[in-house]
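Quick notes on the structure that follows.
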Amino acid sequence: MGNTWISRAETCADIPAVRDINLAAFPTPAEADLVDALRADPAAWIEGLSLVAVDEADRPVGHALLTRCHIGTAPALALAPCAVRPELQRTGAGTAAIHAALAAARARGEHHVVVLGHPAYYPRFGFTRASDHGIRLTVDVPDNALMALSLDAGRPLPGGTVHYAAAFGI
């Protein structure tokens with residue numbers, strides 16, 4: 000398929016494939032279980048913000064999930080997990096799913112996103128070091144691994160502690 004991917008919102012029929020993607024992409028089932036737990040949490044799950052990148056046969060091969068969190072008291076989104084089938088990693092499927100997720104969040108009127116991830120990967124989407132904005136966690140992580148993004152230039156990132164959905168365990 001090259002590097003052109005179509006992304007779309009997850010459907011009910013995609014749920015088993017999304018689980019399979021996360022099981023294949025990570026060494027333990029923790030991320031797949033996290034997606035299932037977030038899907039079951041009405042305070043965290045936002046319909047339309049679980050995005051898949053699909054192949055030519057419309058089979059999901061990549062996944063990006065945004066769920067409700069807060070920075071201090073301000074509503075925000077957590078980007079996690081993001082996964083691609085191992086044989087299709089580094090083909091742009093993950094990038095396509097993340098761009099689609101961020102676009103869907105903007106379209107819904109969301110303003111802020113946080114991600115705890117690889118500091119060399121997420122800046123390509125506009126994420127910057129969260130601590131530069133006064134954003135922190137209640138657990139120790141490398142300073143450059145927690146990043147944040149404002150989806151609306153007119154709304155700067157709020158400072159404060161990130162409060163994730165209960166399924167994250169932090």
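All letters in the sequence shown, in the order written, are residues 0 to 169 by numbering that gives the first Met the number 0. Where is the CB? At the ideal position from N, CA and C, for every residue including glycine. Just so we're clear, the structure is a prediction, and the values are computed from it rather than from any experiment.
State the beta-bridge partners of T160 as determined by DSSP. R135
Can you grab the Cα-Cα spacing for the pair L22 / H69, in whole Å? 27 Å
Start and end of the beta strand (DSSP E) containing R7? 5-8
Am I right that L78 and A100 are in contact with their C-beta atoms under 8 Å? What's the rounded C-beta distance? 7 Å
Taking DSSP as the reference, what is the three-state secondary structure of H117? It is coil, neither helix nor strand.
With DSSP run on the structure shown, which of helix, strand or coil describes G93? helix
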